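Trainee: Questions regarding the structure given below will be posed in turn.
Numbering (the numbering used here), first residue to last: 2 to 389.
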């Protein structure tokens, strides 16, 4: 009897130390060495990805580069090569789509796949998952960790358990056996503070939490209590969303030294707005909400947003709103980081200009011409005088 017969078959695939692994693959001299992707040794950025050799020193994502260098002075620091990683990600996605159209990317290096309808063509779900994992190794010379289960929560949890190069299957009839011994921190929604409150009540494992009364959990955590109660029993009904829409497009930069000079800050905003606008147009989208993000030297972070009357993809509009938000913040201390995001996105086709908006229509046409020039002749072929 097939124990999977009445269950969905969900794969979660997570590339191992993706950015660092791509760099090690492309430069064999880096193999076996601690590699940190995120910036040069003298930069003020944060770690994007660290190789497993670097992780032995306690280096992790989002750690300041300076702290990573302190922990491992021999580490090799490399800048983020977004174009390279995006291209490799596209190659990985092409492998996924060979087996199912039901693919939900979570990032460049992570995705859910629903292969429930694929087994009649490609064999069992376990065969499909192993084949995808093997193809990524053979065709791209990279490793991935894979989890297979009957829902997204369990598949994600399974893929995390035996990294790197892991493969974990959670059989539908053995869910509780799989979950019970795991620490309660493995549940989605259990951060440091929630874990502390659970530990006070002698809840250390998922088994401990599962034995609590639902009413007690909801009194303790509200809606989160209900979620934890369900996850502790392996319940997660969310579907794999293959057409998940882009929710926002943003860019940010970390300065080499803290900056208070408004002239420099606004010039930086122009660079970011140009990039956000171009990426928005490339996705055939427009957005209504512009958000400014700033971070001070002490890592205190502030955001301010403004929603426009009409969606836009124009660099000048995004830049103008970002500058307005910067002035609204009235920065008095130097900034470590600044960023711009466009959200509340819609398809370009959903927005129609009126008869009285011809100047904006002309600006849109001109902007698209600039995009074509840059696409053909490179980023520096045409630029703003302020950026020279």
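Cβ atoms here follow ideal geometry from the backbone N, Cα and C, with glycine treated the same way. Model, not experiment: these values are computed from the prediction.
Kindly indicate which three-state DSSP category residue 410 falls into: helix, strand or coil?
Mentor: No information on residue 410 is available, as it lies outside the stretch 2 to 389 that the chain covers here.
Trainee: Name the two residues that bound the continuous beta strand (DSSP E) containing residue 13.
Mentor: Where residue 13 is concerned, the enclosing beta strand (DSSP E) stretches over 11-16.
Trainee: What separation, rounded to the nearest whole angstrom, lies between the Cα atoms of residue 54 and residue 35?
Mentor: Taking the straight line joining both Cα atoms gives about 5 Å.
Trainee: Is it true that the CB of residue 342 sits closer than 9 Å to the CB of residue 277?
Mentor: Yes, they are a contact pair.
Trainee: Whole angstroms are fine: how far does the CA of residue 313 sit from the CA of residue 180?
Mentor: Going from the Cα of residue 180 to the Cα of residue 313 covers about 47 Å.
Trainee: Quick check on residue 303: does DSSP put it in helix, strand or coil?
Mentor: Here residue 303 sits in strand by DSSP.
Trainee: In chain order, which alpha helix (DSSP H) runs of at least 4 residues are fully inside the region 143-214?
Mentor: Here the runs fully enclosed are 153-162, 176-180, 193-201 and 207-211.
Trainee: Grouping DSSP H, G and I as helix and E and B as strand, with all else coil, what is residue 69?
Mentor: Reduced to three states, the DSSP call for residue 69 is helix.
Trainee: Beta-carbon separation of residue 348 and residue 160 under 9 Å?
Mentor: For residue 348 and residue 160, no; Cβs fall outside 9 Å.
Trainee: Under 6 Å Cβ to Cβ from residue 302, same chain only, skipping five residues before and after it: list those, please.
Mentor: Excluding positions up to five away in sequence, the list reads 296.
Trainee: With C-beta atoms as the reference, is residue 45 less than 9 Å away from residue 310?
Mentor: No.
Trainee: Rounded to whole angstroms, what is the Cα-Cα separation between residue 80 and residue 39?
Mentor: Straight-line Cα distance between these residues: approximately 5 Å.
Trainee: May I ask which residues mark the beginning and end of the beta strand (DSSP E) holding residue 76?
Mentor: It is not in any beta strand (DSSP E) - residue 76 carries neither H nor E in the DSSP assignment.
Trainee: Tell me, which residues are paired with residue 113 by DSSP?
Mentor: Bridge partners of residue 113: 13 and 105.
Trainee: Could you give the C-beta distance for residue 293 and residue 326, rounded to a whole number, given that I count them as a contact under 8 Å?
Mentor: At roughly 4 Å, the Cβ-Cβ gap stays under 8 Å, so residue 293 and residue 326 are in contact.
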